[in-house]
Amino acid sequence: MAMLKVENLSKSYRNIPAIQNVSFCLRAGEIVGYLGTNGSGKSTTVKIITGLLQPSDGRVLFNGRNIRDDLPRYRESLGYIPEEAHLYAYMSGMEYLQLVGRLRGMSEKTIDIKANGMLRLLGLESWRHSPMSLYSKGMRQRVLMAAALFHDPKLLVFDEPLSGLDILSARLFKDLLQELAASGKAIFYISHVLEIVEQLCTRVLVISKGKILADAPPLELTRVMQLSSLERVFAQLVEQQDTKSIASEMVAVMQVANH
Ligand SMILES: Nc1ncnc2c1ncn2[C@@H]1O[C@H](COP(=O)(O)OP(=O)(O)OP(=O)(O)O)[C@@H](O)[C@H]1O
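Under the working numbering, read the sequence shown as residues -12 to 246, first letter to last.
Here it is as structure tokens:
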């Protein structure tokens, strides 16, 4: 059975549809990539599957139960890394993880073991007592990652997780993602970085103008569409604009002389 089943989700903002009839499944051990251009409906989908937003229509089932029947219980099984690191800047990384652990009802001993272990593994040991206002974007991103994994959730939702991570942290993150999938977690991965989606994801969903256009393993998509890369598949599916000529027109407009 699918761990997460998304059934015919639709959401409109002031009668303008943002997503329409979005359906897909996510099984244990899968890393499913969610691709779409700006404004295609990715964040709206993520807000609904994390329980932050109510759909206009459709439902989300976690292990067969509608998530909205018991949202607090669902959130015990969910780890979410948002795109932007909004953290309490005056807190240290350690204090933030302690807060997360207490809100999750963990004992102080468990919190201590987990927080120290995670901060050490993420290269933040010597910074653990410094306020996060002093952290770089990548360091804050790593704290968010630790916070999302802290309660050992079954389902992970990552929104553009590599933004701000340096090469080494990004590599660690990719290895971690594969390890998490191998241990039976289900991972929903929103990204604009096609090469990484191609490397990491077992399946890819392409959304355009609020509708799912494709749902298949990356290799199958490239084979069926007889294209050499996911980037070409994506461009063809969403009828991407001629970016080269837009770029050259942009430079021409920039250079318009002052009249
Ligand atoms: N709160 C809102 N009120 C009105 N319209 C909204 C709201 N949130 C999103 N929309 C609209 O819904 C559509 C889908 O937006 P959404 O943020 O889900 O796209 P996205 O794929 O996440 O985009 P991006 O990659 O730019 O983050 C867009 O047309 C957007 O303008």
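The C-beta atom is built at its ideal place from N, Cα and C for all residues, glycine as well.
Alpha carbon of S(-3) to alpha carbon of N25, nearest angstrom
The count along the sequence shown starts at 1 and reaches residue -3 at position 10. The count along the sequence shown starts at 1 and reaches residue 25 at position 38. Their backbone Cα atoms lie some 18 Å apart in a straight line.
Starting from E(-6) and walking both ways along the beta strand (DSSP E), at which residues does that stretch end?
Working through the sequence shown from its first residue, we reach residue -6 at position 7. That run of the beta strand (DSSP E) goes -9 to 0.
Could you check what DSSP says for P42 in three-state terms: helix, strand or coil?
In the sequence shown, counting from the first residue as 1, residue 42 sits at position 55. In the structure shown, P42 sits in coil (DSSP, three-state: anything other than H, G, I, E or B).
Count the other C-beta atoms from every protein chain shown that fall within 10 angstroms of the C-beta of Q128, then say buried if there are 16 or more, exposed otherwise.
The residue given as residue 128 occupies position 141 in the sequence shown. Buried, by the Cβ-count rule.
Is any heavy atom in ligand 3 found nearer than 7 Å to the beta carbon of Y0?
Ligand 3 is not part of the structure shown, which contains ligand 1 as its ligands.
Within 8 Å, strictly: CB atoms of I174 and L143
By one-based count along the sequence shown, residue 174 stands at place 187. By one-based count along the sequence shown, residue 143 stands at place 156. Against a cut-off of 8 Å, the Cβ pair of L143 and I174 comes out as a contact.
E63 versus L214: straight-line alpha-carbon distance, rounded
Numbered from its first residue, the sequence shown carries residue 63 at position 76. Numbered from its first residue, the sequence shown carries residue 214 at position 227. C-alpha separation (whole angstroms): 41 Å.
Let's test the definition: count the other Cβ atoms within 10 Å of the Cβ of L187 and tell me whether it reaches 16, buried, or not, exposed.
Against the sequence shown, residue 187 aligns to sequence position 200. Flag for L187 reads buried.
Given 7 Å as the limit, tell me if N25 has its C-beta closer than that to any heavy atom belonging to ligand 1.
Counted from its first residue, the sequence shown places residue 25 at position 38. Yes, the beta carbon of N25 sits closer than 7 Å to at least one heavy atom of ligand 1.
Using only the alpha-carbon positions, how far apart do R115 and L149 sit?
On the sequence shown, position 128 is the one that residue 115 refers to. On the sequence shown, position 162 is the one that residue 149 refers to. Cα to Cα, R115 sits roughly 21 Å from L149.
Reducing DSSP to helix, strand and coil, say where N53 ends up.
What you label residue 53 is simply residue 66 of the sequence shown in a count that begins at 1. Note: N53 maps to strand in three-state DSSP.
Tell whether a beta-carbon distance below 8 Å holds between L192 and F49.
Counting from one through the sequence shown, the residue named residue 192 turns up at place 205. Counting from one through the sequence shown, the residue named residue 49 turns up at place 62. Not closer than 8 Å, so no.
What does K198 pair with, by DSSP beta-bridge criteria?
Taking the first residue of the sequence shown as position 1, residue 198 is located at position 211. Answer is S195.
Can A239 be considered in contact with ligand 1, in the sense that its beta carbon sits closer than 7 Å to one or more heavy atoms?
The sequence position of residue 239 within the sequence shown is 252, counting from 1. No, since every heavy atom of ligand 1 falls outside the 7 Å radius drawn around the Cβ of A239.
Is there at least one Cβ from chain C nearer than 8 Å to I98's Cβ?
Absent from the structure: chain C. Only one protein chain is present.
Starting from the N-terminal side, write out each stretch of the alpha helix (DSSP H) that is 4 residues or longer and does not extend beyond the stretch 75 to 124.
80 to 90, 95 to 108
Going by C-alpha to C-alpha distance, which of K29, G16, G51, N(-5) sits closest to I194?
The sequence position of residue 194 within the sequence shown is 207, counting from 1. Looking at the Cα atoms, K29 is the closest of the given residues.
Quick check: what's the CA-CA separation for V243 versus I183?
The count along the sequence shown starts at 1 and reaches residue 243 at position 256. The count along the sequence shown starts at 1 and reaches residue 183 at position 196. Approximately 38 Å between the Cα atoms of the pair.
In angstroms with no decimal places, state the Cα-to-Cα distance between R249 and E166.
Residue 249 lies beyond the residue range present for the chain, which begins at -12 and ends at 246; the question has no answer from this structure.
Residue(s) in a DSSP beta bridge with D146:
Position 159 of the sequence shown, counted from the first residue, corresponds to residue 146. In the DSSP output, where bridge partners are listed per residue, D146 has I177.
Take the Cβ of G151 as the centre, count every other Cβ of all protein chains shown within 10 Å, and call the residue buried at 16 or more, exposed below.
Within the sequence shown, numbered from 1, the residue matching residue 151 stands at position 164. So G151 counts as buried.
Across which residues does DSSP place P4 in a beta bridge pair?
For the purposes of this step, residue 4 is taken as residue 17 along the sequence shown, with counting starting at 1. Answer by DSSP bridge pairing, in chain order: S(-1).
Rounded to whole angstroms, what is the Cα-Cα separation between I98 and Q85?
The residue labelled residue 98 in the question sits at position 111 within the sequence shown. The residue labelled residue 85 in the question sits at position 98 within the sequence shown. Answer to the nearest angstrom: the Cα atoms are 6 Å apart.
Quick one: is the Cβ of S(-3) within less than 7 Å of any heavy atom of ligand 1?
If you number the sequence shown from 1, residue -3 lands on position 10. The answer is no for S(-3).
Can you tell me where the beta strand (DSSP E) holding L22 begins and where it ends?
Sequence index remark: in the sequence shown, residue 22 carries index 35 (1-based). Note, L22: beta strand (DSSP E), 18 to 22.
Give the range of the beta strand (DSSP E) segment to which L164 is assigned.
Against the sequence shown, residue 164 aligns to sequence position 177. Per DSSP, L164 belongs to no beta strand (DSSP E); it is in the alpha helix (DSSP H), 154 to 169.
Report whether the distance from the Cβ of S31 to the nearest heavy atom of ligand 1 is below 7 Å.
Within the sequence shown, numbered from 1, the residue matching residue 31 stands at position 44. Before going further, note that residue 31 is Thr rather than Ser in the sequence given. True, at least one ligand heavy atom lies under 7 Å from that Cβ.
Express the C-alpha separation of A76 and R124 in angstroms, rounding to a whole number.
In the sequence shown, the residue the question calls residue 124 occupies position 137. In the sequence shown, the residue the question calls residue 76 occupies position 89. A small correction: the amino acid at residue 124 is Lys; Arg does not occupy that position in the sequence shown. Taking the straight line joining both Cα atoms gives about 12 Å.
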